[in-house]
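*Asks:*
Okay, here's the thing in structure tokens:
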């Protein structure tokens, strides 16, 4: 029986990290980024990153956005420690597609910054990030990029031989800064014909410590404390799944549940009780003769609901349910030409009931056809693709609120892309991508009409919006020699009719009114990362460097766009010897002084972090003991990309110093 560890090896080729393998030496798991290339190529034309194993463990925070924050090109919406979505190259919300195993998910995280993503990093096996337009494969909501959260709840490969076996993983961690107690357990068993999977996780936290005394009006709490008031949380969930394998593929299914109760931090007495269930079916046929080599299918259903409580009283209830179907077929090679064609169909139904419902009942239906082709050459690869969609967005109004008007809009977005990868010289690669994308307006952008307290605004939709159009270009250079590597990329995204929220100057329900309108906008930026081996041998020492810069402007007015991350640079020193591994790093964020009229700026800050890990084998188990210190100098810092910096200054700074210790055991 082959024995596999479920704590995967970090992708040193992409992240540059010096890590130690969690996998027994007789098994090698090849790093593969599936999100960035449907053909499985490891040399990617599009900028991508991947985190797993020890590297993911080092980065893991309580939210997906904070876990990825600091990756070149990626920042976070940071609505306190419990709700945070990734921002990629200055784009957020429904311009960033968050996937689960390549399939669509339904929640309300893109609707409002205080709504959490239905994925806890504790249950994630791997995260893949595609920077730049992913609209070709995943639709207009991926114009800024794609974040694919991957687990093994539907096993895709047999883990054992005919004799069968059992393998698993246990995680446990404690943190001081938020009184965190978290743990998870995963178990898999089977043989070469079938595999079964089960996992559970739970994480509880208290109010988060910060370097500044903040006022808190929550009953029973001190009036002034070095805590972010109402930032405690209780998150738990689990899943069961399994697959049956046959000579030409597999078919599998899974059922998962995610539950979270957390404070919204902008309002001292408001908490959110969230529940999400997901049902997934997946299968693949390989080695087919004729026109197609393989066909892969995914079918999923998500049922999401959350209730916003004021004290013990239930307030507004948000619901979102969705079905998604994805079929992808890889055709036989046509000379040097290789490619896939696909069909994607999504349907979602949304409702909000209560005083803070700012969007109506609605239904969105989307159907798309796409194709992606690659041409191999002696010097590299060329890629091309197209996607056509049919999108219908319908408002049903609200039976209890007359202000929401019924209506329906239909759109036909189209997206096209070209790419090239040139192997200039040994170790050197040049890549370029040119994409034209269209994004259909979302239901709230078309039909919103109500108070949105999380952003301290009254939102008004615009039923006359047309599809958002953008032209996107990026150029990249990558170099690798042994343990040394360096990469830099530059991008420009030009929007002809960017959908933005603009202040109208009116006051409604004691809130400033913001209306969705379309403007011309341009995003430009640079991303760079590298790693140098300073010492090689029994001990290794590596120096990692990273940095990024985004500039976004409304070209019609010359005003900067809001909540854009300032320039950032960082460095990490990594040391490893035998079972020991350590790192010390710093990230410097410049002051953000560019913003639209009326937006508050943020000061510069530097955050230090440290890590120490020790790996040991205990019988059949591989143990990883670790300790991590975040914000080592206990620096007071505010995020320029957080709406809280504008609506509740001083309400939610970034977390202060925190020590986390834990154990990850695989067997």
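Numbering (the numbering used here), first residue to last: 3 to 669. Where a beta carbon is used, it is the ideal one built from N, C-alpha and C, also for glycine. These numbers were taken from a predicted model, which means no experiment stands behind them.
Threshold first: 4 residues or longer. Then list the alpha helix (DSSP H) segments lying entirely within the stretch 439 to 523, N to C.
*Replies:* Whole alpha helix (DSSP H) segments, 4+ residues: 445 to 449.
*Asks:* Can you tell me where the beta strand (DSSP E) with residue 141 in it begins and where it stops?
*Replies:* Where residue 141 is concerned, there is no enclosing beta strand (DSSP E), given that its DSSP letter is neither H nor E.
*Asks:* Just to check my reading of the structure: residue 562 and residue 554 have Cβ atoms closer than 8 angstroms, yes? What is that Cβ distance to the nearest angstrom?
*Replies:* Contact flag correct, Cβ pair sits at about 7 angstroms.
*Asks:* Going along the chain, which residues of its own chain have a beta-carbon closer than 6 angstroms to the beta-carbon of residue 86, five neighbours each way excluded?
*Replies:* Same-chain partners within the cutoff: 65, 67, 68, 78, 79 and 80.
*Asks:* Residue 277 bridges to which residues according to DSSP?
*Replies:* According to DSSP, which records beta bridges pairwise, residue 277 is partnered with 261 and 307.
*Asks:* Under 8 angstroms between the Cβ atoms of residue 281 and residue 245?
*Replies:* Cβ distance not < 8 angstroms, so residue 281 and residue 245 don't count as in contact.
*Asks:* Can you say whether residue 380 is buried or exposed, counting buried as having 16 or more other CB atoms within 10 angstroms of its CB?
*Replies:* Counting Cβ neighbours within 10 Å, residue 380 comes out exposed, since fewer than 16 surround it.
*Asks:* Would the beta-carbon of residue 527 fall within 8 angstroms of that of residue 550?
*Replies:* Yes, Cβ-Cβ distance for residue 527 and residue 550 is below 8 angstroms.
*Asks:* Going by other Cβ atoms of all chains shown within 10 Å of its Cβ, with 16 needed for buried, is residue 30 buried or exposed?
*Replies:* Here residue 30 scores only 37 on pLDDT, less than 50, and its place in the model should not be relied on; the value that follows carries that caveat. That one is exposed.
*Asks:* Classify residue 660: buried if its beta carbon has 16 or more other beta carbons within 10 angstroms, exposed otherwise.
*Replies:* Its Cβ being crowded by 16 or more others within 10 Å, residue 660 is buried.
*Asks:* Please state whether the Cβ-Cβ distance between residue 99 and residue 148 is less than 8 angstroms.
*Replies:* Their beta carbons are under 8 angstroms apart, which means residue 99 touches residue 148 by this criterion.
*Asks:* I want to know whether the stretch 455 to 465 touches the stretch 414 to 425 - three or more CB-CB distances under 8 angstroms.
*Replies:* In short, these stretches do not touch, since the Cβ pair count stays below three.
*Asks:* Just how far apart, CA to CA, sit residue 300 and residue 541?
*Replies:* Computed Cα separation, rounded: 45 angstroms.
*Asks:* Could you compute how far the alpha carbon of residue 384 sits from the alpha carbon of residue 483?
*Replies:* Roughly 24 angstroms separates the two Cα atoms.
*Asks:* From 193, 432, 117 and 341, pick the residue whose C-alpha is nearest to that of residue 310; which is it?
*Replies:* Taking only the C-alpha atoms, the option nearest residue 310 is 117.
*Asks:* Pick out the complete alpha helix (DSSP H) segments inside the stretch 38 to 90, 4 residues or longer, and give them in chain order.
*Replies:* Qualifying alpha helix (DSSP H) stretches, in chain order: 55 to 61 and 66 to 70.
*Asks:* Buried or exposed: residue 248, going by 16 or more other Cβ atoms within 10 Å of its Cβ?
*Replies:* Under this definition residue 248 is an exposed residue.
*Asks:* DSSP has residue 115 in a bridge; who is on the other side?
*Replies:* Answer is none; residue 115 lacks a bridge partner.
*Asks:* Reducing DSSP to helix, strand and coil, say where residue 242 ends up.
*Replies:* Residue 242 falls in the strand class under three-state DSSP.
*Asks:* Could you check the C-alpha separation between residue 212 and residue 60 for me, to the nearest Å?
*Replies:* The alpha-carbon atoms of residue 212 and residue 60 are separated by roughly 21 angstroms.
*Asks:* By Cβ distance below 6 angstroms, which residues in the same chain neighbour residue 160 in space, the five residues on each side in sequence not counted?
*Replies:* Excluding positions up to five away in sequence, the list reads 194 and 247.
*Asks:* Once DSSP output is grouped into helix, strand and coil, what is the label at residue 97?
*Replies:* Of the three classes helix, strand and coil, the one that applies to residue 97 here is helix, per DSSP.
*Asks:* Under 8 angstroms Cβ to Cβ from residue 218, same chain only, skipping five residues before and after it: list those, please.
*Replies:* Contacts found: 224, 225, 226, 227, 229, 231, 232 and 270.
*Asks:* Indicate whether the contact test is met: 3 or more Cβ pairs, each with one atom in the stretch 594 to 602 and one in the stretch 634 to 650, closer than 8 angstroms.
*Replies:* Touching, per the Cβ criterion.
*Asks:* Have a look at residue 372 and residue 71 and give me their C-alpha separation to the nearest angstrom.
*Replies:* Roughly 31 angstroms separates the two Cα atoms.
*Asks:* Does the stretch 489 to 499 come close enough to the stretch 464 to 478 that 3 or more CB-CB pairs lie under 8 angstroms?
*Replies:* Short answer: they touch.
*Asks:* What's the gap between the Cα of residue 156 and the Cα of residue 242?
*Replies:* Taking the straight line joining both Cα atoms gives about 9 angstroms.
*Asks:* Under 8 angstroms by Cβ, that's how I've got residue 463 and residue 359 pegged, so tell me the actual separation to the nearest angstrom.
*Replies:* Not really, about 13 angstroms apart at Cβ, beyond 8 angstroms.
*Asks:* Residue 477 CB to nearest chain D CB: under 8 angstroms?
*Replies:* No chain D is present in this structure, which holds just one protein chain.
*Asks:* Report the residue from 351, 102, 113 and 103 whose alpha carbon sits nearest the alpha carbon of residue 94.
*Replies:* That would be 113, whose Cα lies nearest to the Cα of residue 94.
*Asks:* If I follow the unbroken beta strand (DSSP E) through residue 229, where does it start and stop?
*Replies:* First-last of the beta strand (DSSP E) with residue 229: 226 to 229.
*Asks:* When burial is assigned at 16 or more other CB atoms within 10 Å of the CB, is residue 177 buried or exposed?
*Replies:* By the neighbour-count rule (16 or more Cβ atoms within 10 Å), residue 177 is buried.
*Asks:* Under a three-way DSSP split, which group does residue 551 fall into?
*Replies:* Residue 551: strand per DSSP, three-state reduction.
*Asks:* Counting only runs of 3+ residues fully inside the stretch 337 to 405, write out the beta strand (DSSP E) ranges in chain order.
*Replies:* Entirely contained in the stretch 337 to 405, the beta strand (DSSP E) runs reaching 3 residues are, in chain order, 339 to 355, 363 to 378 and 382 to 399.
*Asks:* Measure the alpha-carbon distance for residue 58 versus residue 125 and round it to whole angstroms.
*Replies:* Roughly 11 angstroms separates the two Cα atoms.
*Asks:* How about the stretch 574 to 586 and the stretch 610 to 625: do they share at least three Cβ pairs that are nearer than 8 angstroms?
*Replies:* They touch, by the three-pair rule.
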